[in-house]
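The sequence shown: position 11 = 26 (the numbering used here), numbered continuously. C-beta: ideal position from N, C-alpha, C; glycine also. To start, the structure itself, in structure tokens.
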Amino acid sequence: MDSDKINFKKVILATVATVGVIGVAVIAPNIFQVAKQFSGKSKYRKYEQKYYLNKTIQNLIKQGLIKLETKNGLKFVRLTKKGESQLAKYKLGDLEIKKPKKWDKKWRMIIFDIKESRRMTRDVLRSTLNRLGFVKLQNSVWVFPYDCEELIVMLKSDLFIGKDVLYITADRIENDHWLKEIFGLK
Numbered sequence: 016m017d018s019d020k021i022n023f024k025k026v027i028l029a030t031v032a033t034v035g036v037i038g039v040a041v042i043a044p045n046i047f048q049v050a051k052q053f054s055g056k057s058k059y060r061k062y063e064q065k066y067y068l069n070k071t072i073q074n075l076i077k078q079g080l081i082k083l084e085t086k087n088g089l090k091f092v093r094l095t096k097k098g099e100s101q102l103a104k105y106k107l108g109d110l111e112i113k114k115p116k117k118w119d120k121k122w123r124m125i126i127f128d129i130k131e132s133r134r135m136t137r138d139v140l141r142s143t144l145n146r147l148g149f150v151k152l153q154n155s156v157w158v159f160p161y162d163c164e165e166l167i168v169m170l171k172s173d174l175f176i177g178k179d180v181l182y183i184t185a186d187r188i189e190n191d192h193w194l195k196e197i198f199g200l201k
């Protein structure tokens, strides 16, 4: 199926995460019901759907994102720690900040200190902040003009970095004219 329409890896990971352990036979109807909702119709015949689903599950197992278990002759899949991490990255990709019509003249700053041993997490945080439109003041200091505290709380939770990240609301940043210019503020 078209990857720009729906990400089956993401749907499978989210389904397994929601249920915990799920039978492989149970995944198929659920995944293709979701696909049908996105596209309005099922693009492939049932045997093609089954092939595509099996191929996707095999790839997820190879990548270490899910684990296949057999109980009483039935196949089940379980999300691995690596799968949970990948799902969190997918969720982060869906984040966006709603900008109000009028700026309240306050700056939101994100300051973090994440250990070198968690470099990947730090890199994911930086790339997410960049994608959301934050501006980097320093490597671990980022600024944004609109309220985004809820989103940052969710981000901290998803990345397990609660105590390593501070959210600050500031009335003023010295020499902030260049920031106002970047954000198109007066």
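- Membership of Ile167 in any beta strand (DSSP E) is not indicated; the residue belongs instead to the alpha helix (DSSP H) covering Glu164 to Leu174.
- Taking all protein chains in view, the Cβ of Asp128 is surrounded by fewer than 16 other Cβ atoms within 10 Å, so the residue is classified as exposed.
- Val139 and Ile81 have their C-alpha atoms spaced approximately 21 Å apart.
- Judged by DSSP secondary structure, Phe149 falls outside any alpha helix (DSSP H); it is assigned neither H nor E.
- For the options Cys163, Asp173 and Met124, the alpha carbon positioned closest to that of Val150 is the one of Met124.
- Its Cα nearest to that of Ile176, the residue Ile126 stands out among Pro160, Lys195, Ala185 and Ile126.
- Residue ranges of uninterrupted alpha helix (DSSP H) with 4 or more members, entirely inside the region 123-149 and ordered along the chain, are 134-147.
- Counting only residues of its own chain and dropping the five nearest sequence neighbours on each side, Leu166 has a CB closer than 7 Å to the CB of Leu110 and Ile112.
- Among the bridge pairs identified by DSSP, Ile81 is matched with Leu94.
- Three or more beta-carbon pairs separated by less than 8 Å are not found between the region 84-99 and the region 115-123, which leaves the two stretches without contact.
- Per the coordinates, the alpha-carbon of Lys195 lies some 42 Å from the alpha-carbon of Thr30.
- Beta-carbon to beta-carbon, Leu174 and Thr136 are separated by about 5 Å, close enough to satisfy the 8 Å threshold.
- Looking from the CA of Lys25, the closest CA among Arg141, Glu131 and Leu107 belongs to Leu107.
- DSSP places Trp157 in the strand class (E or B) of the three-state scheme.
- With contacts defined as CB atoms closer than 8 Å, Leu102 and Val92 fail to qualify as a contacting pair.
- The alpha-carbon of Gln78 is positioned some 30 Å away from that of Val180.
- DSSP, read as helix, strand or coil, puts Leu200 in coil.
- Judged by DSSP secondary structure, Leu110 falls outside any beta strand (DSSP E); it is assigned neither H nor E.
- Secondary structure note for Ile183: its beta strand (DSSP E) is the uninterrupted segment Val180 to Ala185.
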